[in-house]
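Enquirer:
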Amino acid sequence: MLRRDFIHKTALASSTALFLPNPIFGVKKAETKARLGFIGVGQRGHNHLEMALFRNDVEINAICDIDSKAIDSALAVCKSKDRKAPAIYKNGDHDFENMVKRDDLDGIVISTPWEWHVPMAIASMKAGKYTGVEVSATVTLQESWDLVNTFEKTGSHCMILENVCYRRDIMAVLNMVRQNMFGELVHAQCGYQHDLREVKFNDGKQVYGGGVEFGEKGYSEARWRTQHSVDRNGDIYPTHGLGPVAEMLNINRGNQFLYLTSIASKGLGLHDYVVKNGGENHPNAKVKFKLGDVVTTNIKCVNGETIMISHDTNLPRPYSLGFRVQGTNGLWMNDGNHIYLEGISKKPHIWDDFKDYQDKYDHPLWKKHAQNAENAGHGGIDYFVLRAFIESIKNKVAPPMDVYDAAAWSAISPLSEESIAKGSAPVNIPDFTRGKWKTNKPIFGLGDEY
Ligand SMILES: NC(=O)c1ccc[n+]([C@@H]2O[C@H](COP(=O)([O-])OP(=O)(O)OC[C@H]3O[C@@H](n4cnc5c(N)ncnc54)[C@H](O)[C@@H]3O)[C@@H](O)[C@H]2O)c1
C-alpha cells in the first residue's frame with residue numbers, strides 16, 4: 071500500500087491512526103521534498119544541518135544565526151555537499167522573524183538557546199511552518215501554554231526533537247512494554263546524568279573546557295546555558311529521560327502527569343570546578359550557583375505510576391540517563407544493561423543481560439532503517455528524529471512527538487523549581503491537552519514508518 075493511502079485509510083478508519091491528518095489542511099498528496107530553514111546552527115543546529123544534507127529529499131533554503139562563525143561553517147558544509155547556498159539571515163536577534171515568512175520553506179528547525187525556543191517556534195507556527203524545536207522546548211509554564219495555544223489557533227504542527235526517544239534499546243523496551251512483557255507498569259526512573267562542567271565552562275574559543283569562562287566570555291553553550299545554573303534551582307533539562315518514559319507510560323494518551331515533588335542537594339560542583347581550574351581568585355569563583363548538584367524529582371501519574379527523574383550535571387561522573395522501567399512482571403535497568411522478567415529470566419532473582427533481548431525485541435523502525443542511521447550522531451538517534459520531522463512534513467501529517475509532549479515534558483523544569491522553592495511541596499502538573507488525554511491514542515513508534 072502506498073504510504074499516503076495507508077495514512078488516508080487508517081485516518082479514516084480509526085482515531086488510532088499512526089499520524090493524524092493535519093487538522094486544518096486535511097490529508098493531501100505527499101510531497102517528495104521537504105524545504106527546510108534552520109534557526110541556530112551552533113553545535114546542535116550544525117549536526118541537524120549535516121544530517122539533512124545526507125538526504126536527497128531535503129532542500130535547505132535558508133539559515134539564520136547571529137554568529138558569523140556558525141554561519142560560515144554552515145555555508146561551508148552546504149558547499150562541501152554541492153548544495154546551492156541557502157539564504158542567510160544574520161542581522162540580529164530578531165532576523166528569524168524575516169526568515170520564517172519565506173514561502174520556499176515548509177519546515178523550520180530551531181536549535182538555539184532555550185530562552186529563544188518559544189518566541190521562534192511561535193513565529194514559525196504563525197507563519198504556517200512545521201516547527202521542530204530542540205530540547206527542552208520551553209523554560210516557563212506560560213511558554214508551554216503559549217506553544218499549545220499557538221498550535222490550536224494556527225494548526226501548524228510543532229515537534230519536540232527529543233532524539234533519545236529513538237534510542238535503540240529504549241525502542242526495544244517500548245516494544246516490550248507494548249507486548250506486555252513487563253506486565254502493568256508501576257514505576258520508571260530516568261534522568262540527565264552527564265558531567266557538563268566542560269560544557270558549562272570553556273576558554274571562549276572551543277566548545278569543551280580549556281578555561282572557566284561563561285556568559286559573554288564563553289563559547290557555545292557556556293555562553294548561555296551556564297546562566298541557567300546561576301539563576302535556577304530545579305530539573306532544568308528533563309526531556310532526554312522523561313520523553314522516552316512518557317512514551318512508555320502513554321502520557322497525554324490515556325495517562326497524564328498529576329503532580330510532582332522535587333528536592334535539590336547543595337550545589338558545590340560548579341564552584342569547585344572553577345576554583346580547581348581557574349584558581350580561587352578567578353572572578354567566576356565569586357559566582358553563586360543556585361542549581362543543586364543533584365536534583366531529584368518524583369512525578370505521580372493519573373494511572374498511579376511514579377517516575378523518578380535525576381538531574382546531575384555538575385559533578386565528575388560517567389554519562390548515564392539512568393533508565394529503569396518496572397512493572398508487575400519485572401524490570402529493565404539501563405545501568406548494567408540488566409533485565410529481569412519473572413518466569414522468563416534464566417534464574418529467579420538474578421539479572422539477565424539485556425543484550426539477549428535486544429535483537430528479539432528490536433523495534434521495527436530500527437530493523438528497517440538501521441543501516442541509514444549508522445553514521446548519524448548519538449548512536450543513530452539523530453537520524454531518526456530528523457527523519458520523523460521530515461517525513462511528517464512530506465506527508466503533511468502530525469509529528470510523532472507533538473506540541474502537547476513538548477509542553478508537558480518541558481514543564482517539569484519550572485514546576486520542579488516551584489516545588490524546590492516551596493520546600494519540596496507537591497505541585498500540580500497542568501493538563502495541556504485539556505482533557506483530550508482521556509481519549510487520545512498513542513502516536514509514537516507504532517510501526518516501521520516513523
Ligand atoms: N537533542 C540533543 O541531543 C541536543 C544536544 C545538544 C544540544 N541540544 C539543544 O540544542 C539547542 C542548541 O544547543 P547548542 O549546543 O547547539 O548551542 P550553541 O550555543 O552551540 O548554538 C546555539 C546557536 O544559536 C545561535 N543563536 C542564539 N540566539 C540566536 C538568535 N536570536 N537568532 C539566531 N540564532 C541565535 C547562536 O549564535 C548559536 O550559534 C539547545 O536547546 C540544546 O539544549 C540538544
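For the sequence shown, our numbering gives the first residue as 71, with consecutive numbering after it.
A virtual CB, placed ideally from N, CA and C, is assigned to each residue, including glycine.
Since we're looking at a predicted model, the values are computed, not measured.
In angstroms with no decimal places, state the Cα-to-Cα distance between K139 and K275.
Expert: Approximately 11 Å, taken between the alpha carbons.
Enquirer: According to DSSP, D216 sits in a beta bridge with which residue or residues?
Expert: DSSP, once it has assigned bridges, lists no residue as partnering D216.
Enquirer: Does ligand 1 have a heavy atom nearer than 7 Å to the CB of R114?
Expert: yes
Enquirer: Would you mind giving the Cβ-Cβ distance between C371 and Q326, rounded to the nearest angstrom? I have them listed as a contact below 8 Å.
Expert: 7 Å
Enquirer: CB L330 to CB I482, shorter than 8 Å?
Expert: Between L330 and I482, the gap from beta carbon to beta carbon is short of 8 Å.
Enquirer: Where do the N-terminal and C-terminal ends of the alpha helix (DSSP H) with S181 fall, by residue?
Expert: No alpha helix (DSSP H) contains S181, which DSSP labels as neither H nor E.
Enquirer: Please confirm if the stretch 261-281 is in contact with the stretch 161-177, defined as three or more CB-CB distances below 8 Å between the two stretches.
Expert: no
Enquirer: Please classify R302 as buried or exposed, where buried requires at least 16 other C-beta atoms within 10 Å of its C-beta.
Expert: buried
Enquirer: From L123 to R172, what distance separates their C-alpha atoms?
Expert: 20 Å
Enquirer: Spell out the partners DSSP gives I130 in its beta bridges.
Expert: L106
Enquirer: In angstroms with no decimal places, state the Cα-to-Cα distance between S382 and G339.
Expert: Ser is not the amino acid found at residue 382; the sequence shown has Asp there. Spanning the two alpha carbons is a distance of roughly 10 Å.
Enquirer: How big is the Cα-Cα spacing for M378 and D405?
Expert: 15 Å
Enquirer: Report all residues from its chain with a CB closer than 6 Å to the CB of P500; omit the five preceding and five following residues, and keep chain order.
Expert: none
Enquirer: Taking 7 Å as the cut-off, is the C-beta of E204 nearer than that to any heavy atom in ligand 1?
Expert: Yes; taking the cut-off as 7 Å, the Cβ of E204 has a heavy atom of ligand 1 nearer than that.
Enquirer: Report the residue ranges of all alpha helix (DSSP H) runs contained in full by the stretch 316-371; include only those spanning at least 4 residues, in chain order.
Expert: Fully enclosed alpha helix (DSSP H) runs of 4 or longer: 339-348.
Enquirer: Please name the residue or residues paired with L401 in a DSSP beta bridge.
Expert: Q396, Y410
Enquirer: Confirm, please, whether the CB-CB distance from L255 to M318 is below 8 Å.
Expert: yes
Enquirer: DSSP puts L255 in a beta bridge; with which residues?
Expert: G397
Enquirer: Name the residue from H341, N320, T296 whose alpha carbon lies nearest to the alpha carbon of P183.
Expert: T296
Enquirer: Along the chain, where does the beta strand (DSSP E) that runs through C148 open and close?
Expert: Where C148 is concerned, there is no enclosing beta strand (DSSP E), although the alpha helix (DSSP H) it sits in stretches over 138-150.
Enquirer: For G304, which of helix, strand or coil comes out of DSSP?
Expert: coil
Enquirer: Report yes if the CB atom of S181 is closer than 8 Å to the CB atom of R114, and no otherwise.
Expert: yes
Enquirer: Starting from H116 and walking both ways along the alpha helix (DSSP H), at which residues does that stretch end?
Expert: Residues 113-123.
Enquirer: Taking the alpha helix (DSSP H) that A157 belongs to, which residues open and close that run?
Expert: Element bounds for A157: not the alpha helix (DSSP H) but the beta strand (DSSP E), 157-159.
Enquirer: Helix, strand or coil: which one does DSSP assign to D423?
Expert: strand
Enquirer: Roughly how many angstroms lie between the CA atoms of K425 and S390, to the nearest whole one?
Expert: 17 Å
Enquirer: Please name the residue or residues paired with C228 in a DSSP beta bridge.
Expert: DSSP output for C228 lists T201 as bridge partner(s).
Enquirer: What span of residues does the beta strand (DSSP E) with M378 cover, start to end?
Expert: 376-382
Enquirer: Return helix, strand or coil for Q297, following the three-state DSSP convention.
Expert: helix
Enquirer: Might you give, ordered along the chain, the residues of its own chain that have their beta carbon closer than 6 Å to the beta carbon of G397, omitting 5 neighbours on each side?
Expert: F252, G253, E254, L255, V256
Enquirer: Please confirm if the stretch 98-110 is in contact with the stretch 449-464, defined as three or more CB-CB distances below 8 Å between the two stretches.
Expert: yes
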